[in-house]
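2 protein chains.
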Amino acid sequence: MRTKIKALPESRPASASKDMQSNSSGLDGEQSQEPPQVFTSVTIDHPSRILETVQKLMQGAIYMKKTDTVDLTLTEFSQGYQRLGSENRRKTLFALATQFGVNRAHIRELMQHYLGLQTDDHAQQSDLDEEGCVSALYRTEKDLRHALKPLYITLFERLNAHPGGLKFLVDLRIDLNGAIQEENIPSLRSLDSDLKEKLATWLSPAVLELHRITWDDPASLLEKIVAYEAVHPISNLHDLKRRLGGGYRCFGYLHPAIPGEPLIFIEVALMRGLSQSIQEVLWDEPPIAESEATTALFYSISSTQRGLAGINLGKFLIKRVIELVRQEMPHVKMFATLSPIPGFMQWLLSKLASQSKLAQSSSKSSIDNGEALACTFRENLLLPEEAKAIIEATVETDKSIDPMEVLLKLLSSPRHEWTKSETLSKTVQPLLMRLCARYLLKEKKRGKALDPVTNFHVQNGATAERLNWMADLSEKGLCQSAGIMVNYLYRLDEIEENAQKYFNTGYIKASSYMEGYLKPPP
Amino acid sequence: MRTKIKALPESRPASASKDMQSNSSGLDGEQSQEPPQVFTSVTIDHPSRILETVQKLMQGAIYMKKTDTVDLTLTEFSQGYQRLGSENRRKTLFALATQFGVNRAHIRELMQHYLGLQTDDHAQQSDLDEEGCVSALYRTEKDLRHALKPLYITLFERLNAHPGGLKFLVDLRIDLNGAIQEENIPSLRSLDSDLKEKLATWLSPAVLELHRITWDDPASLLEKIVAYEAVHPISNLHDLKRRLGGGYRCFGYLHPAIPGEPLIFIEVALMRGLSQSIQEVLWDEPPIAESEATTALFYSISSTQRGLAGINLGKFLIKRVIELVRQEMPHVKMFATLSPIPGFMQWLLSKLASQSKLAQSSSKSSIDNGEALACTFRENLLLPEEAKAIIEATVETDKSIDPMEVLLKLLSSPRHEWTKSETLSKTVQPLLMRLCARYLLKEKKRGKALDPVTNFHVQNGATAERLNWMADLSEKGLCQSAGIMVNYLYRLDEIEENAQKYFNTGYIKASSYMEGYLKPPP
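These protein sequences, in sequence, are chains X and P. In terms of the working numbering, the first sequence has 252 at position 252, counting the first letter as 1, and numbering is strictly consecutive. If you want the working numbering, it's the position in the second sequence, counting the first as 1, plus 522.
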């Protein structure tokens, strides 16, 4: 990067700029609203000065008046930033969070002014709308709103309006999340939460284009589908071609400012009835004639942008895909998923570990302390007959050992040994299915389903329909959920009611088949 | 509109809702944050209740949790609103502005909390970023930002994400501007300024698509070009076809959420050299071979949406059109406009009227009061030789009459009589050209060019290049600017500098030819 030095007319002496650079506290509100020195482009005389240069460009991009020269500065800033190593990126983000926040002294002033106004007009409340002091109230509120808007949001907004800037921001958020993991401080968290809010606005479904992805799309786009398919990895070109061909559909959301790269995509298989395993959907059977399809099965939804973590783009995608498929194929009546259960085994194994430990310690100490305390946390995850079956099937000789510990050992054995023995597999099937239903329907975190995929579909209004045993035999499927998969059903006439109820009460609608797992044995 | 009644689970008694309806003061902050009653859809038992229904739907659209049912409510609200007459629309907008603003009691509370936090952390300034009170500071700032965001912005945001909602908002702003003209109160002004800010964000150039409009476009789109061409009206289909055919270009900005309707469009003629009159551009000469063109002449820029008044979409449009034309035709080297001067005659006639009145009264009262006071406001708009020529050409017999009054009478004569006499026309030409140059380059309002078209091009970085006498002989052209038109020149290597200078100092860059008009006679 070797460009000419060009300082704007309103620049001040360079010493002022240095002061600003060294003042890294965003707390005292002493940062000036006017820029000490603004660069549109800067010569780098020495490679070691690139960090300084990038931060100066960042400052210019924030403070400059909004004319064409901002574009140049934005380009140079984003190019410069991308040349930085991770340590310098982190420093730049830290500078952005702390030096380009809000001016707290100014906020304080405005607040005092506002509170003063408030006291004045308390005297007479009626018909004040036409009076000058009401104008002042509105004006001060607006001023305060602007004062409370951190300066870095100007940078975000300008980048959003700049070619390539939106994608740059999405990628910047990946760095930002990395920085927060290193150093979890309020200023960085605040930067991230504001950036996330902005991105969610800019990626509103109104500006996203639904695009059907086919074999005729550019290779550069298809390459991204292969790279980002997160649920059932695409093994080769033949596999990809099948997923884009007859009997299948693939749809992606594209943003006009990020061409050729879907932000999220969904893969659909046209089937007869509700599929039970991913093998039959993707590999075992040839695709059916589309005219015979009765079911559109969503078997994979993948986001491509890590920088959009926490922003739900999929909700509107599913809705719009259902509309499209209904238009094209009125004979398709059922819309359902065949979904992974990514958190089941992790939940179950840690539960088994803690419970078997509790069981051990409580059986040892029951005489000393009584059982009252331990019982509050203790819970036997297994029904008596399940516990008995486990002990029998594993031919456990040590009678003092807790069945939960036996199960834990069995399930965490390397290479999923238990799946290779019919006896073991049949023994664990009922208890795994039962506990999986409980995990899906009852385990919550802050009122929402603990399983992220469950939460995603249920908040979109889907119903938990059916568990499928041995439905995903891949290494990933066995690790995540012991090979179990679940069908969520999108019943069009129920979607709204289900979603509303889940929002209000956390209730997850499930089929009577699913509910059956939760009932105590007779 | 006959739909079922459906109240959400959290609804409260209807009486509470009535209280809220009648509380029309947005000032006291007593409005509750929680909705008294939320409707997703409402039966209208009587036509007279449509206003009440629409306002209830509006309330529902704001307070409802964000699930699919909001979409239904938004649809019903916007359909209902469009059925309202202008009086009821005004009432609804007034309700929106006053009942769905901010909660001022809550703002006061947060401010007091914030100011308390501030005092605490003043004690120690260093390294506070990791402490809990800094977290509280950031949190309170965020809370305040949200509290200062009027509730009606939620409605705007939800409509923006709703199919057809963006266009609805653009149209709503037309009603809003009408309401403000009737009743110019702070709450309505605030509503408008917030809506304008939001619209400007949502219509950022990043999401606008540049589309070349051709004869192959749908008639429904071309119809809009005919309807909205505001500068040189399109008289018939043949005229339209010419403007879209060889030797011409027409480009429009489209928003994905408002399909088939360009928000703004620009018409371009490919010419040899800089054209002097709109007649030669549009009617007198056949189009030239495109390969021989040296100049792209922007002869018309029209906005289609009155609801986007004050939002400059044209800036980026011109820049992008220049880029496109340069790519397609590298032999085109000059980018210029042939522009109307919409405010010239209005400015000149009112100036002549007030000055000739001042001249009269001062000549009468000069003995009584002295001339000091009158002189401060008085200015002879005409040079001595211009005044003499006017008196001679009009054969004015009354020697006491002021030449400015004679000119005023001449220029405001019906059917522009002066244009039909060669003597009169030749007499006024030099003085009109001189005063027009002064109007364009020197007359300012708040530091910006008084003429809106001048301001538009100069803030984009164009240069005022040349005045053209008798360049637009249409009734409109004669009324607005005595038939004078101006060329603005877009010199690519100067655009940024010009724009920056205009922003900073108000200086309008002009050719030496234009500057020549401003020099005092030798």
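Where is the CB? At the ideal position from N, CA and C, for every residue including glycine.
Where do the N-terminal and C-terminal ends of the alpha helix (DSSP H) with residue i fall, by residue?
i                  : result
Phe-503 (chain X)  : 495-505
Ala-617 (chain P)  : 608-621
Met-485 (chain X)  : That residue, Met-485 (chain X), is in no alpha helix (DSSP H); its beta strand (DSSP E) goes 485-490.
Thr-662 (chain P)  : 654-669
Asn-184 (chain X)  : Careful: Asn-184 (chain X) lies outside any alpha helix (DSSP H) and carries neither H nor E.
Ser-1034 (chain P) : 1034-1040
Ser-1003 (chain P) : 997-1003
Arg-306 (chain X)  : No alpha helix (DSSP H) contains Arg-306 (chain X), which DSSP labels as neither H nor E.
Leu-151 (chain X)  : 151-160
Asn-455 (chain X)  : 452-459
Can we count residue i as close to the ligand GDP, meaning its CB is less than 8 Å from some heavy atom?
i                 : result
Gly-687 (chain P) : This structure lacks the ligand GDP, and indeed carries no ligand of any kind.
With respect to the beta strand (DSSP E) encompassing residue i, which residues constitute its N-terminal and C-terminal limits?
i                 : result
Arg-212 (chain X) : 209-212
Thr-295 (chain X) : 295-303
Met-595 (chain X) : Missing from the structure shown is residue 595 (chain X); chain X here goes from 1 to 522 and no further.
Asn-312 (chain X) : That residue, Asn-312 (chain X), is in no beta strand (DSSP E); it is neither H nor E in DSSP.
Glu-267 (chain X) : 264-271
Met-334 (chain X) : 334-337
Glu-802 (chain P) : First-last for Glu-802 (chain P): undefined, no H or E at that position.
Glu-987 (chain P) : 985-990
Note down the Cα distance separating residue i from residue j, rounded to an integer number of angstroms.
i                 : j                 : result
Glu-845 (chain P) : Ile-322 (chain X) : 40 Å
Ile-484 (chain X) : Val-268 (chain X) : 20 Å
Leu-489 (chain X) : Leu-467 (chain X) : 12 Å
Ser-339 (chain X) : Ser-300 (chain X) : 7 Å
Glu-997 (chain P) : Asp-761 (chain P) : 18 Å
Pro-414 (chain X) : Leu-432 (chain X) : 18 Å
Val-624 (chain P) : Leu-606 (chain P) : 26 Å
Ala-359 (chain X) : Leu-407 (chain X) : 14 Å
Trp-737 (chain P) : Ala-749 (chain P) : 16 Å
Arg-765 (chain P) : Pro-755 (chain P) : 12 Å
Glu-405 (chain X) : Thr-419 (chain X) : 18 Å
Leu-596 (chain P) : Pro-205 (chain X) : 15 Å
Lys-142 (chain X) : Gly-969 (chain P) : 23 Å
Leu-725 (chain P) : Ile-788 (chain P) : 17 Å
Tyr-961 (chain P) : Tyr-138 (chain X) : 36 Å
Asn-891 (chain P) : Ser-883 (chain P) : Model confidence at Asn-891 (chain P) stands at a pLDDT of 49, short of 50, so the residue's coordinates are unreliable; what they give is reported in the following sentence. Computed Cα separation, rounded: 11 Å.
Ser-477 (chain X) : Pro-259 (chain X) : One point to set straight first is that residue 477 (chain X) is Gly, not Ser, in the sequence displayed. Computed Cα separation, rounded: 33 Å.
Since residue i contacts residue j with CB under 8 Å, what's their CB separation in whole angstroms?
i                 : j                 : result
Tyr-253 (chain X) : Leu-221 (chain X) : About 13 Å separates the two Cβ atoms, so there is no contact after all.
Ser-511 (chain X) : Thr-454 (chain X) : Not confirmed; about 14 Å, so no contact.
His-255 (chain X) : Val-207 (chain X) : 7 Å
Asp-451 (chain X) : Ile-278 (chain X) : The pair is not a contact, with the Cβ atoms about 17 Å apart (cut-off 8 Å).
Ser-712 (chain P) : Ala-619 (chain P) : 7 Å
State yes or no: is the C-beta of residue i within less than 9 Å of the C-beta of residue j?
i                  : j                 : result
Ser-600 (chain P)  : His-684 (chain P) : yes
Leu-110 (chain X)  : Leu-151 (chain X) : no
Glu-465 (chain X)  : Val-486 (chain X) : yes
Phe-344 (chain X)  : Cys-436 (chain X) : yes
His-113 (chain X)  : Thr-140 (chain X) : yes
Phe-456 (chain X)  : Asn-236 (chain X) : no
Leu-839 (chain P)  : Ala-779 (chain P) : no
Arg-173 (chain X)  : Lys-149 (chain X) : no
Arg-434 (chain X)  : Leu-383 (chain X) : yes
Ile-584 (chain P)  : Phe-622 (chain P) : yes
Lys-319 (chain X)  : Asn-460 (chain X) : yes
Gln-1002 (chain P) : Pro-864 (chain P) : yes
Thr-826 (chain P)  : Lys-720 (chain P) : no
Ile-288 (chain X)  : Gly-247 (chain X) : yes
Leu-410 (chain X)  : Leu-381 (chain X) : no
Leu-188 (chain X)  : Ala-179 (chain X) : yes
| message | To test your reading of the DSSP string, which unbroken beta strand (DSSP E) runs of 3 or more residues are found completely within the segment 220-261 of chain X? | response | As far as the segment 220-261 of chain X is concerned, its whole beta strand (DSSP E) runs of at least 3 residues are 248-254.
| Every unbroken alpha helix (DSSP H) within the segment 890-972 of chain P, with a cutoff of 4 residues, ordered by chain | If you keep only unbroken alpha helix (DSSP H) runs of at least 4 residues inside the segment 890-972 of chain P, you get 894-899, 906-916, 925-933 and 944-964.
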